[in-house]
Amino acid sequence: MEPNFERYTLKELQECFESLDKAKWPERAIKIEQLIKQAKCNPIHVSEETTPLNKDVVMMFVIGLTIIVSLILGKVTISNRYDGFSYADNPFVFSLCIGVLLFIFLQYLSRYLISKKDD
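The sequence shown begins at 8 in the working numbering and counts up by one.
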């Protein structure tokens, strides 16, 4: 059974062509080479690689949600065993925790935006 090379991305086709035993599979080598040429001439039909959800995006979502919920409730809870820091009891520590969470959120955001800029 022959692989369905039409579903391969350009990168996958190039890797496959480089590692293929061309003496053993000459017809596959020709087909892959034609698909590579076609993909380079007509990049619209080349399927893009799908990437799983970016880790930075997930972390930004979790930290952002934590900040929003903490601001709404007026309390930062670190774990289930400890009641947390409330704004009413200690505004300085509460503000410090929110500041640290915001700093971490901005670090993930900047890393995400820089990675998108490089693409």
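Beta carbons: idealized from backbone N, C-alpha and C, even for Gly.
Helix, strand or coil for residue i per DSSP?
i: Lys29; result: coil
i: Lys124; result: helix
i: Gly71; result: helix
i: Asp90; result: coil
i: Tyr119; result: helix
i: Glu22; result: helix
i: Glu9; result: coil
Thinking residue i and residue j are a contact (beta carbons under 8 Å), I'd like their distance in whole angstroms, please.
i: Ile105; j: Ser77; result: 6 Å
i: Arg35; j: Leu27; result: 6 Å
i: Gly71; j: Phe24; result: Going by Cβ atoms, the distance from Gly71 to Phe24 rounds to 44 Å, so no, they are not a contact pair.
i: Leu103; j: Met67; result: About 21 Å; that fails the 8 Å criterion.
Along the chain, where does the alpha helix (DSSP H) containing residue i start, and where does it finish?
i: Asp96; result: Per DSSP, Asp96 belongs to no alpha helix (DSSP H) and is neither H nor E.
i: Ile85; result: From DSSP, Ile85 is part of no alpha helix (DSSP H); its letter is neither H nor E.
Classify residue i as buried or exposed, calling it buried when 16 or more other Cβ atoms lie within 10 Å of its own Cβ.
i: Ile39; result: buried
i: Leu20; result: buried
i: Val107; result: exposed
i: Val69; result: exposed
i: Phe110; result: exposed
i: Val4; result: Outside the shown range of the chain, which is 8 to 126, sits residue 4, and nothing can be said about it.
i: Arg101; result: In the sequence as presented, Arg is not what sits at residue 101; that position holds Phe. Flag for Phe101 reads buried.
Exercise for review: Determine contact between the segment 92-102 and the segment 32-49, defined as no fewer than three beta-carbon pairs at a distance below 8 Å.
Suggested key: no
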